[in-house]
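Trainee: Residue numbers (our numbering): 205 to 1414.
Every residue, glycine too, gets a C-beta built ideally from N, C-alpha and C.
Before anything else, here's the structure in question.
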């Protein structure tokens, strides 16, 4: 009975495990073996299989689910109702006029979405069918990945990805370690070390692994990649041996095994319960801001439609109050019609009027928008400037629904590794006691050939200096965690260490370490290998030196340094330490500190990543104390991290400074230029990375995310340990609001020198505290709002040590803030998928970290630099185009249907159509559709070179500025005006008794020819010509295709009208349009009236534009005028800054950035550089060093400091 309750409890806890506050465990039986009798109760738990599902639909739910999603659109649902009404009751128009366009849109959209989901199914199937090797009964057998279950023992070979989350049991290495890259998870492509369970690491074969009898108790699946706790119970005798498990024992799905021949691991989380899957966001359908505006306008027009139908229905019954009008002799009612209740008749009439006027709702607009987006996406894919020859890849459009959203982006969230950087470190130089060493240029104080022009500080070292120089080189060859891979080629690339030696290459958890070791190799000291606890070095004389590795004091982001303790072949004990300058200098007691400090500060200003190197000789007694301290700290389980940190602090003291190094992390080509252009365009760029703070901050300076004048605000774990989170937040808030309290927020993205430029750095742990504040703190409720206020007033934000789900939470927080800005997320790894799916627009980069980001993104580009053209050119164009398309469609439909409304006042509200059925059907499909479709694909209101050269033009279209209510009302009023001119112009023409045909006064017979269909045809002719010429007047970019389509559409209308009325069509029951169009054109006054009415309709809009451009021109209009003046060569010959409007009084945003502040490429008359050390965080590379002659010699007050960026050549 007890077992039944236990099973019930387990099942309940399993289904409740998703709750945040529910902490539960699962028991995993390795190889599905039951524990020995009496050990513990065997409870077989049910876990999901290893199937991964990223698709949205299944074969069975595609039609109902897709139809539900499509009919959630207001327009689709409305036209479905209209279509059903036309089927049910007798209406003035055919159901075909509403049904055909509706079903065309539904079918095309369903096919497109179905195809996209089929691709996702295909990708899922490829992953789920991948074969995995599993140990069963002491032998290896293969099974599809989807059939893996919790408890299976999996065999993984080198360069293979882990199929699920595994606990490492053993590896091919004697010490039970393996090396893994987690690039697809956290963006770090470096090698990380994982450890096997101590008691199982000796099992190397399938038979031995099959003998393991153990159970694992661990927590239920959690999305945090860096946290895991559990324990393993190994049954080796009477009593089970229990060992704790941590994140260093857990191999995550998606990570790749490196530099290890094979491993055995037991599956503990499978399928959608793996940490990678838990960090995926569900893929939801994204809606653009333009589509939301369209839906809002649609609701307005729907209200207008209903009011029209209500007014006409009411007036109809007022009109029919006279019996002679209600039932004239030529239209007597049937008996059933007389007996029908008046409310039923009124409702039927109301529906008939709704159908008659329903063309004011442009169903064809949705068809045209779908076609524009679909065809427009090919222009992005065909763009040769976005083709990368190195990768052989072009831009890819996965979702064409968001083309115009690229022109509305306000916040950009970018990954760092592989997105901003190439993750390719290069050793630049090192400095030993003031002597500079540049590989292959300056070595041992001698200037090598080809060193001309190199900026150096160097003196010829004496014998003592030479000894310290070699000690420095040895320190860098020993103080690291680099492994050597003895293999000839990897991915087709040869890696050599030393001429004449076996071909090898270095791998490490930090790319910096590899760069430093390779730099030492180029300076004559080569690290060979770690073998049997001995580190081997090849010195300049080709002699092998051996050092016994005794202890490794690993690097962490709090200490910002690492150390090793080694014993030389002569028995001397050394502690070598390297780390950030701010963590090394306070611990140094001797050495040439000032000379090294000066060089470090100079390199920091140039944007290089710097490290300082120091050492200390240890006596045997001191080493014994060190061993005792470390052993005692590592045996503690409660406060192990704290005790180890205290032990490290005691050991790493009284150091002697040797020198410093400088390493460059190569940015992607034009990454800094791209970020600078995005800043000028008014976008705020946030870097969200799982990398260390020091590394990320250095990249932000190098990429110009942080400028030299940027004042850094810190919101990190280290800071909140010194002060409470509450105090830190309010202090930061006071700092930024002191400068921005009276300033528009948008101005913070400018370059004006009058305002302090702030940058914020926050880490994942502090972000969690801000997002989920302590319930005990009564003041914590508004932490999130304060944090948002700080962020809004910062030009750039760096978030480091972010878990993938935290990246998505950041994006969601900004999305849901009160301004509701448009967000864009860009990344290259699986760890970026969540934020890519969360943002309004997701862009994947075709990097080296797999294709998960590309597959789940809306757009994919080869390199980060292509984002500039994607947004500033394609995004700008598509927003302009679709804005015109939407407004134009509503305008031309108002022009089309408002005369029909006016006509009811002259036909007794009889629901008589003004236009022929053919005209009703073809107006939006044929006569006026192609010109606006072509305009929306090809219009270029400004040359694309100008858009790239002048990013500030992007601000002119920000915040959906072309689809605001005032502009919408203007277009609607213009449509009503044109409709009134057309209708009453034709009406007064008909009312004139002097109207003649062929020079003769009309007789009764000829006047019958000029009846209601002629009147409607005249109005329709003026209508088609007016709306087409209106689009021609709005077109700036003319090609032969524009001319062909615009004038061809008018010719097609005339030819169709001649054929439709000039031939007796046998399939028509009646032909009311026979000879009507020809008869109308045979009249000279009809020709004159057409010309006059078209002119009268277009004239007010033309006059308004002329006056507006003359009196209040926008920047865009100034550039358009200048471009015409220079005949399209404006981008080559004209300084665009001169075309900006002058700054307005009290407006710091417009004009201030470009007129009061020098450009970055200008050279000032005088530059003063001086150095000064202060105890402030410098993120390993960037200390507050560089100041200009503006008098800013001291840091600004508050908690922040001025970090000197890499931009020294101004």
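Expressed to the nearest angstrom, what Euclidean distance is found between the alpha-carbon atoms of residue 858 and residue 870?
Mentor: Near 35 Å, if we compare the C-alpha coordinates of residue 870 and residue 858.
Trainee: With 16 as the cutoff for other CB atoms within 10 Å, does residue 341 come out buried or exposed?
Mentor: By the neighbour-count rule (16 or more Cβ atoms within 10 Å), residue 341 is not buried but exposed.
Trainee: CA-CA distance, residue 626 and residue 421?
Mentor: Their Cα atoms are separated by approximately 40 Å.
Trainee: Inspect the CB distances between the segment 1086 to 1104 and the segment 1114 to 1131 and report whether three or more fall short of 8 Å.
Mentor: A contact exists between the segment 1086 to 1104 and the segment 1114 to 1131.
Trainee: Closest by CA to residue 291, which one among 352, 251, 555?
Mentor: It is 555.
Trainee: Measuring straight from C-alpha to C-alpha, what distance separates residue 1139 and residue 711?
Mentor: Each residue's alpha carbon lies about 55 Å from the other.
Trainee: If you measure from the CB of residue 590, is any heavy atom of the ligand FMN nearer than 6 Å?
Mentor: Absent from the structure shown: the ligand FMN. Ligands present: none.
Trainee: How big is the Cα-Cα spacing for residue 780 and residue 812?
Mentor: Using only the alpha carbons, I get a separation of about 22 Å.
Trainee: Rank 743, 726, 765, 737 by C-alpha distance to the C-alpha of residue 714 and give the top, closest one.
Mentor: Out of 743, 726, 765, 737, 765 has the C-alpha closest to the C-alpha of residue 714.
Trainee: Whole beta strand (DSSP E) runs in the segment 756 to 816 with 3 or more residues, listed along the chain?
Mentor: Correct list: 765 to 772, 777 to 783, 792 to 794.
Trainee: Taking Cβ positions, are residue 903 and residue 866 nearer each other than 7 Å?
Mentor: Not a contact, by the Cβ cut-off of 7 Å.
Trainee: Report yes if the CB atom of residue 384 is closer than 7 Å to the CB atom of residue 1086, and no otherwise.
Mentor: No, the pair does not count as a contact, with Cβ atoms beyond the cut-off.
Trainee: Do residue 732 and residue 742 have their CB atoms nearer than 7 Å?
Mentor: Result yes, Cβ atoms of residue 732 and residue 742 sit closer than 7 Å.
Trainee: Counting only the same chain and skipping the five closest in sequence on each side, list residues whose C-beta sits under 7 Å from that of residue 1227.
Mentor: Answer for residue 1227: 1099, 1100, 1186, listed in chain order.
Trainee: Ignore the nearest five residues each way along the sequence and tell me which others in residue 1028's own chain have a CB closer than 6 Å to its CB.
Mentor: Cβ within range, chain order: 613, 616, 1043, 1045.
Trainee: Which residue marks the beginning of the alpha helix (DSSP H) containing residue 994, and which one marks its end?
Mentor: First-last of the alpha helix (DSSP H) with residue 994: 987 to 996.
Trainee: If you draw a straight line from the C-alpha of residue 682 to the C-alpha of residue 676, how long is it?
Mentor: About 10 Å.
Trainee: Ordered along the chain, which non-local residues of its own chain (more than five positions away) have a Cβ less than 8 Å from that of residue 719?
Mentor: Result list for residue 719: 629, 630, 631, 867, in chain order.
Trainee: Take the Cβ of residue 582 as the centre, count every other Cβ of all protein chains shown within 10 Å, and call the residue buried at 16 or more, exposed below.
Mentor: By the 10 Å Cβ count, residue 582 comes out exposed.
Trainee: So the candidates are 547, 608, 864; which of them puts its Cα closest to the Cα of residue 672?
Mentor: Selected option, being the one with the closest Cα: 864.
Trainee: Determine, using beta carbons only, whether residue 1039 and residue 1015 come nearer to each other than 7 Å.
Mentor: Cβ distance < 7 Å, so residue 1039 and residue 1015 count as in contact.
Trainee: Starting from the N-terminal side, write out each stretch of the alpha helix (DSSP H) that is 4 residues or longer and does not extend beyond the segment 1094 to 1129.
Mentor: Complete alpha helix (DSSP H) runs here, min 4: 1121 to 1126.
Trainee: What did DSSP end up calling residue 686 once you bin it into helix, strand or coil?
Mentor: Three-state result, residue 686: coil.
Trainee: Going by DSSP in three states, residue 507 sits in which element: helix, strand or coil?
Mentor: Correct three-state label for residue 507: helix.
Trainee: Classify residue 846 as buried or exposed, calling it buried when 16 or more other Cβ atoms lie within 10 Å of its own Cβ.
Mentor: Residue 846 should be labelled exposed.
Trainee: Suppose contacts are defined by Cβ-Cβ distances below 7 Å. Is residue 193 in contact with residue 436 by that definition?
Mentor: Nothing in the structure corresponds to residue 193, since the chain is present only between 205 and 1414.
Trainee: Which value, in whole angstroms, describes the spacing of the CA atoms of residue 320 and residue 330?
Mentor: Whole-angstrom Cα-Cα distance: 16 Å.
Trainee: With distances taken between CB atoms, is the gap from residue 299 to residue 287 smaller than 7 Å?
Mentor: Cβ atoms of residue 299 and residue 287: closer than 7 Å.
Trainee: Look up residue 401 in the DSSP assignment and say whether it is helix, strand or coil.
Mentor: Residue state, collapsed to three classes: coil.
Trainee: Cα separation between residue 316 and residue 1253?
Mentor: If I take the Cα positions, the gap works out to 29 Å.
Trainee: If you compare alpha carbons, which of 1300, 577, 1112 is closest to residue 523?
Mentor: With distances taken between Cα atoms, residue 523 lies closest to 1112.
Trainee: Do you know offhand how far residue 995's Cα is from residue 1001's?
Mentor: Going by the C-alpha atoms only, they are around 7 Å apart.
Trainee: From 1302, 1258, 1280, 1180, pick the residue whose C-alpha is nearest to that of residue 1236; which is it?
Mentor: Minimum Cα distance to residue 1236 is reached at 1302.
Trainee: Give the single residue among 470, 1034, 265, 314 whose Cα lies nearest to the Cα of residue 339.
Mentor: Answer by Cα proximity: 470.
Trainee: Consult DSSP for residue 268 and reduce its assignment to one of helix, strand or coil.
Mentor: Helix, per DSSP.
Trainee: Here's the rule: buried if 16 or more other CB atoms are within 10 angstroms of the residue's CB, otherwise exposed. What is residue 926?
Mentor: So residue 926 ends up on the exposed side.
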